[in-house]
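Input: a single structure, listed below in C-alpha coordinates.
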Amino acid sequence: MNVTLIADRIGGQVKDTVGIENLISVPKTTGTELTGNMQAHLSDYDINIKEFLRVEKIESNATDSPWKTLYLSSGEVIESKTVIVATGAKWRELGVPGEKENIGSGVAYCPHCDGPFFKGKDVAVVGGGNSGIEAALDLAGMVNHVTVFEFLPELKADKVLVDKAEANDKITIIKNVATKEVVAEGGKVVALAYEDRVTGEVKQQSLAGVFVQIGLVPNSAFLEGVVDRTKHGEVVIDERCNTSEPGIFAAGDVSTVPYKQIVIAMGEGAKASLSAFDYIIRES
0 MNVTLIADRI GGQVKDTVGI ENLISVPKTT GTELTGNMQA HLSDYDINIK EFLRVEKIES
60 NATDSPWKTL YLSSGEVIES KTVIVATGAK WRELGVPGEK ENIGSGVAYC PHCDGPFFKG
120 KDVAVVGGGN SGIEAALDLA GMVNHVTVFE FLPELKADKV LVDKAEANDK ITIIKNVATK
180 EVVAEGGKVV ALAYEDRVTG EVKQQSLAGV FVQIGLVPNS AFLEGVVDRT KHGEVVIDER
240 CNTSEPGIFA AGDVSTVPYK QIVIAMGEGA KASLSAFDYI IRES
(Lines of atoms letter the chains of each structure in order from A; the text may use other names.)
(Lines give C-alpha, C1' and ligand atoms only; values in the text may rest on other atoms or scores of the structure.)
Protein backbone atom coordinates (compact mmCIF):
# COMPACT_ATOMS: atom_id res chain seq x y z
CA MET A 0 0.00 0.00 0.00
CA ASN A 1 1.03 3.61 -0.56
CA VAL A 2 1.03 5.48 2.74
CA THR A 3 1.23 9.24 3.30
CA LEU A 4 1.56 10.77 6.76
CA ILE A 5 0.42 14.39 7.08
CA ALA A 6 1.20 16.21 10.33
CA ASP A 7 1.66 19.79 11.42
CA ARG A 8 3.90 18.50 14.22
CA ILE A 9 4.91 14.86 14.59
CA GLY A 10 4.51 13.93 18.23
CA GLY A 11 1.74 16.36 19.16
CA GLN A 12 0.90 16.33 22.87
CA VAL A 13 3.53 13.69 23.48
CA LYS A 14 6.26 16.22 22.68
CA ASP A 15 5.05 18.41 25.55
CA THR A 16 5.08 15.59 28.11
CA VAL A 17 8.07 15.77 30.43
CA GLY A 18 8.03 12.23 31.86
CA ILE A 19 6.37 9.05 30.55
CA GLU A 20 6.18 6.03 32.84
CA ASN A 21 3.13 4.10 31.60
CA LEU A 22 4.43 2.82 28.27
CA ILE A 23 4.63 -0.95 28.55
CA SER A 24 8.22 -2.32 28.38
CA VAL A 25 9.70 1.18 28.68
CA PRO A 26 10.17 1.97 32.40
CA LYS A 27 10.77 5.67 31.82
CA THR A 28 11.20 8.03 28.89
CA THR A 29 10.45 11.61 27.88
CA GLY A 30 8.14 13.01 25.24
CA THR A 31 11.05 14.32 23.20
CA GLU A 32 12.86 10.97 23.31
CA LEU A 33 9.75 8.95 22.44
CA THR A 34 8.91 11.24 19.53
CA GLY A 35 12.48 10.95 18.23
CA ASN A 36 12.31 7.17 18.46
CA MET A 37 9.01 7.13 16.58
CA GLN A 38 10.44 9.26 13.78
CA ALA A 39 13.51 7.02 13.56
CA HIS A 40 11.22 3.99 13.33
CA LEU A 41 9.22 5.70 10.58
CA SER A 42 12.36 6.14 8.51
CA ASP A 43 12.67 2.35 8.23
CA TYR A 44 9.59 2.29 6.00
CA ASP A 45 8.70 3.65 2.59
CA ILE A 46 6.28 6.30 3.84
CA ASN A 47 5.64 9.67 2.25
CA ILE A 48 5.91 12.14 5.15
CA LYS A 49 4.46 15.62 4.85
CA GLU A 50 5.28 17.52 8.03
CA PHE A 51 4.34 21.11 8.98
CA LEU A 52 1.14 20.78 6.94
CA ARG A 53 -2.51 20.39 7.90
CA VAL A 54 -5.51 18.81 6.25
CA GLU A 55 -7.92 21.69 5.81
CA LYS A 56 -10.83 19.69 4.43
CA ILE A 57 -11.85 16.16 3.45
CA GLU A 58 -14.48 15.40 0.83
CA SER A 59 -16.05 12.06 -0.02
CA ASN A 60 -16.51 11.54 -3.74
CA ALA A 61 -19.55 10.00 -5.41
CA THR A 62 -21.45 7.40 -3.40
CA ASP A 63 -20.27 4.64 -5.74
CA SER A 64 -16.60 5.66 -5.36
CA PRO A 65 -14.35 4.75 -2.41
CA TRP A 66 -12.01 7.71 -2.99
CA LYS A 67 -11.65 10.60 -0.54
CA THR A 68 -10.16 13.97 -1.47
CA LEU A 69 -7.91 15.73 1.04
CA TYR A 70 -7.11 19.43 0.73
CA LEU A 71 -3.83 20.42 2.41
CA SER A 72 -2.75 23.77 3.84
CA SER A 73 -0.03 23.87 1.18
CA GLY A 74 -2.65 23.87 -1.58
CA GLU A 75 -1.93 20.25 -2.49
CA VAL A 76 -4.80 17.86 -3.14
CA ILE A 77 -4.47 14.15 -2.34
CA GLU A 78 -6.84 11.30 -3.10
CA SER A 79 -6.98 8.16 -0.99
CA LYS A 80 -9.30 5.20 -0.51
CA THR A 81 -8.88 5.39 3.26
CA VAL A 82 -8.10 8.08 5.80
CA ILE A 83 -7.00 7.51 9.40
CA VAL A 84 -7.58 10.58 11.54
CA ALA A 85 -5.14 10.61 14.47
CA THR A 86 -4.94 14.36 15.06
CA GLY A 87 -5.21 14.04 18.84
CA ALA A 88 -6.35 16.85 21.08
CA LYS A 89 -4.91 19.91 22.75
CA TRP A 90 -5.20 20.87 26.38
CA ARG A 91 -7.68 23.63 27.03
CA GLU A 92 -5.53 26.47 28.34
CA LEU A 93 -6.26 29.02 31.05
CA GLY A 94 -4.97 31.87 28.91
CA VAL A 95 -3.41 33.72 31.84
CA PRO A 96 0.04 35.34 32.15
CA GLY A 97 2.78 32.91 33.13
CA GLU A 98 1.03 29.79 31.83
CA LYS A 99 2.70 29.18 28.48
CA GLU A 100 6.01 30.63 29.65
CA ASN A 101 6.30 28.01 32.41
CA ILE A 102 5.19 24.82 30.70
CA GLY A 103 7.68 22.21 31.87
CA SER A 104 8.92 24.49 34.65
CA GLY A 105 5.96 24.14 36.98
CA VAL A 106 2.95 24.26 34.66
CA ALA A 107 1.70 20.86 33.57
CA TYR A 108 -1.39 19.31 32.02
CA CYS A 109 -0.91 15.60 32.72
CA PRO A 110 -0.95 14.56 36.41
CA HIS A 111 -0.09 10.94 35.56
CA CYS A 112 2.97 12.01 33.56
CA ASP A 113 4.33 14.91 35.59
CA GLY A 114 2.95 14.32 39.10
CA PRO A 115 6.01 12.34 40.31
CA PHE A 116 8.24 15.38 39.65
CA PHE A 117 6.45 17.23 42.49
CA LYS A 118 6.93 14.66 45.23
CA GLY A 119 6.91 16.35 48.63
CA LYS A 120 5.82 19.72 47.18
CA ASP A 121 2.61 21.77 47.16
CA VAL A 122 0.70 21.98 43.89
CA ALA A 123 -2.54 23.38 42.49
CA VAL A 124 -5.15 21.82 40.26
CA VAL A 125 -7.21 24.31 38.28
CA GLY A 126 -10.59 22.83 37.44
CA GLY A 127 -13.31 21.21 39.54
CA GLY A 128 -14.80 18.82 37.01
CA ASN A 129 -14.26 15.06 37.02
CA SER A 130 -10.79 15.34 35.46
CA GLY A 131 -9.74 18.00 37.98
CA ILE A 132 -10.90 16.12 41.07
CA GLU A 133 -9.51 12.83 39.77
CA ALA A 134 -6.20 14.62 39.21
CA ALA A 135 -6.28 16.01 42.75
CA LEU A 136 -6.91 12.56 44.20
CA ASP A 137 -4.09 11.05 42.14
CA LEU A 138 -1.66 13.84 43.02
CA ALA A 139 -2.52 13.61 46.73
CA GLY A 140 -0.79 10.24 46.73
CA MET A 141 2.43 11.76 45.36
CA VAL A 142 2.78 15.35 46.57
CA ASN A 143 2.70 17.15 49.91
CA HIS A 144 -0.57 19.02 49.38
CA VAL A 145 -3.05 19.80 46.58
CA THR A 146 -5.22 22.92 46.32
CA VAL A 147 -8.11 22.75 43.85
CA PHE A 148 -9.24 26.06 42.32
CA GLU A 149 -12.76 26.07 40.82
CA PHE A 150 -14.25 28.99 38.89
CA LEU A 151 -17.89 28.17 39.71
CA PRO A 152 -19.55 28.35 43.15
CA GLU A 153 -19.84 24.55 43.20
CA LEU A 154 -17.73 21.70 41.88
CA LYS A 155 -18.91 20.06 38.66
CA ALA A 156 -17.43 16.64 39.44
CA ASP A 157 -19.50 13.59 40.36
CA LYS A 158 -20.53 13.48 44.02
CA VAL A 159 -18.56 10.30 44.73
CA LEU A 160 -15.35 12.06 43.60
CA VAL A 161 -16.15 15.25 45.50
CA ASP A 162 -16.83 13.28 48.70
CA LYS A 163 -13.46 11.52 48.40
CA ALA A 164 -11.63 14.78 47.80
CA GLU A 165 -13.32 16.58 50.70
CA ALA A 166 -12.45 13.68 53.01
CA ASN A 167 -8.76 13.81 52.03
CA ASP A 168 -6.64 15.86 54.44
CA LYS A 169 -4.10 16.53 51.68
CA ILE A 170 -6.64 18.30 49.45
CA THR A 171 -8.01 21.83 49.92
CA ILE A 172 -10.80 23.08 47.65
CA ILE A 173 -11.29 26.77 46.90
CA LYS A 174 -14.44 27.60 44.92
CA ASN A 175 -15.75 30.66 43.08
CA VAL A 176 -12.30 31.97 42.16
CA ALA A 177 -10.73 33.05 38.88
CA THR A 178 -7.10 32.21 38.13
CA LYS A 179 -5.27 35.43 37.24
CA GLU A 180 -1.56 34.57 36.89
CA VAL A 181 1.03 31.86 37.28
CA VAL A 182 3.84 33.49 39.24
CA ALA A 183 7.43 32.38 38.63
CA GLU A 184 10.83 33.34 39.95
CA GLY A 185 14.17 32.22 38.56
CA GLY A 186 12.47 30.12 35.90
CA LYS A 187 10.37 28.14 38.39
CA VAL A 188 6.72 28.46 39.42
CA VAL A 189 6.39 29.76 42.99
CA ALA A 190 2.74 30.81 43.31
CA LEU A 191 -0.70 31.10 41.74
CA ALA A 192 -2.57 34.41 41.81
CA TYR A 193 -6.35 34.17 41.94
CA GLU A 194 -9.33 36.46 42.42
CA ASP A 195 -12.24 35.88 44.78
CA ARG A 196 -15.22 36.30 42.44
CA VAL A 197 -17.46 37.56 45.27
CA THR A 198 -15.22 40.16 46.92
CA GLY A 199 -12.86 40.89 44.02
CA GLU A 200 -9.86 40.40 46.30
CA VAL A 201 -6.74 39.03 44.59
CA LYS A 202 -4.68 36.54 46.60
CA GLN A 203 -1.58 34.39 46.05
CA GLN A 204 -1.09 30.75 46.95
CA SER A 205 2.52 29.63 47.31
CA LEU A 206 3.20 26.38 45.44
CA ALA A 207 5.63 24.62 43.13
CA GLY A 208 3.33 23.37 40.39
CA VAL A 209 0.08 24.11 38.59
CA PHE A 210 -1.89 21.34 36.88
CA VAL A 211 -4.43 22.74 34.42
CA GLN A 212 -7.44 20.43 34.21
CA ILE A 213 -10.16 22.30 32.37
CA GLY A 214 -10.62 19.80 29.56
CA LEU A 215 -9.27 18.65 26.21
CA VAL A 216 -10.20 20.07 22.82
CA PRO A 217 -10.14 17.42 20.05
CA ASN A 218 -8.42 18.56 16.85
CA SER A 219 -11.44 17.71 14.70
CA ALA A 220 -12.87 21.01 13.45
CA PHE A 221 -11.84 20.20 9.86
CA LEU A 222 -14.16 17.16 9.97
CA GLU A 223 -17.35 19.13 10.54
CA GLY A 224 -20.05 17.75 8.27
CA VAL A 225 -17.84 14.82 7.23
CA VAL A 226 -18.19 12.42 10.17
CA ASP A 227 -20.31 12.29 13.31
CA ARG A 228 -18.83 14.04 16.33
CA THR A 229 -19.95 14.46 19.92
CA LYS A 230 -20.95 17.84 21.34
CA HIS A 231 -17.39 18.05 22.68
CA GLY A 232 -15.90 17.49 19.22
CA GLU A 233 -14.74 13.89 19.65
CA VAL A 234 -15.07 11.74 16.51
CA VAL A 235 -17.57 8.95 17.14
CA ILE A 236 -16.05 5.52 16.44
CA ASP A 237 -17.02 1.88 16.91
CA GLU A 238 -14.86 -0.94 18.28
CA ARG A 239 -12.97 -1.14 14.96
CA CYS A 240 -12.27 2.61 14.76
CA ASN A 241 -14.86 3.07 11.98
CA THR A 242 -16.43 6.53 11.78
CA SER A 243 -19.85 7.29 10.32
CA GLU A 244 -18.21 7.72 6.90
CA PRO A 245 -17.03 4.45 5.26
CA GLY A 246 -13.30 4.53 4.61
CA ILE A 247 -12.57 7.13 7.28
CA PHE A 248 -11.19 5.84 10.57
CA ALA A 249 -10.18 7.63 13.76
CA ALA A 250 -7.84 6.73 16.59
CA GLY A 251 -6.56 8.18 19.84
CA ASP A 252 -7.51 11.36 21.67
CA VAL A 253 -9.47 12.83 18.75
CA SER A 254 -11.96 9.96 19.06
CA THR A 255 -14.48 8.79 21.64
CA VAL A 256 -12.14 6.08 22.94
CA PRO A 257 -11.96 6.37 26.75
CA TYR A 258 -8.79 7.04 28.73
CA LYS A 259 -6.58 9.53 26.94
CA GLN A 260 -3.25 7.79 27.44
CA ILE A 261 -0.26 7.25 25.13
CA VAL A 262 -0.31 3.46 25.38
CA ILE A 263 -4.01 3.36 24.50
CA ALA A 264 -3.66 5.78 21.59
CA MET A 265 -0.85 3.65 20.15
CA GLY A 266 -3.03 0.53 20.33
CA GLU A 267 -5.95 2.35 18.75
CA GLY A 268 -3.67 3.51 15.93
CA ALA A 269 -2.70 -0.08 15.22
CA LYS A 270 -6.36 -1.10 15.28
CA ALA A 271 -7.34 1.68 12.89
CA SER A 272 -4.56 0.64 10.50
CA LEU A 273 -5.75 -2.96 10.47
CA SER A 274 -9.32 -1.79 9.87
CA ALA A 275 -8.19 0.42 6.98
CA PHE A 276 -6.26 -2.47 5.46
CA ASP A 277 -9.31 -4.73 5.79
CA TYR A 278 -11.48 -2.05 4.17
CA ILE A 279 -9.15 -1.73 1.17
CA ILE A 280 -9.02 -5.52 0.68
CA ARG A 281 -12.82 -5.75 0.71
CA GLU A 282 -13.43 -2.71 -1.48
CA SER A 283 -10.79 -3.48 -4.12
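For the sequence shown, numbering that gives the first Met the number 0 puts the final residue at 283, and the numbers step up evenly by one.
All C-beta atoms, glycine included, are put in the ideal place defined by N, C-alpha and C.
Note that the structure is predicted; figures quoted are calculated from it, not measured.
- Residue pairing by DSSP places His231 opposite no residue, since no beta bridge is assigned to it.
- Between Val147 and Ala123, the CB-CB gap stays under 9 Å.
- In the pairwise beta carbon analysis, the segment 184–201 is classified as not touching the segment 58–69: fewer than three pairs are separated by under 8 Å.
- Residue environment analysis places Lys99 among the exposed positions, since fewer than 16 neighbouring C-beta atoms fall within 10 angstroms of its C-beta.
- If you draw a straight line from the Cα of Val161 to the Cα of Val145, it comes to about 14 Å.
- Each residue's CA atom was taken as its position, placing Ser79 and Phe117 some 46 Å apart.
- Under the three-state reduction of DSSP output, Gly214 falls in the coil class, being neither helix nor strand.
- Where Val262 is concerned, the enclosing alpha helix (DSSP H) starts and stops at 261–282.
- Taking Gln260 as the centre and dropping the five residues before and after it, the same chain places the C-beta of Asn21 closer than 7 Å to its C-beta, in chain order.
- Under the three-state reduction of DSSP output, Val253 falls in the helix class.
- Residue pairing by DSSP places Tyr193 opposite Thr178, Lys202 in a beta bridge.
- Counting the other Cβ atoms within 10 Å of the Cβ of Phe210 gives 16 or more, which makes it buried.
- The segment 134–141 makes no contact with the segment 180–193, as fewer than three CB pairs between them are under 8 Å.
- Assignment of Gly11 by DSSP, reduced to helix, strand and coil, places it in the helix class.
- CA-to-CA, the gap between Val225 and Glu165 works out to about 44 Å.
- Between the alpha carbons of Ile23 and Val262 lies a gap of roughly 7 Å.
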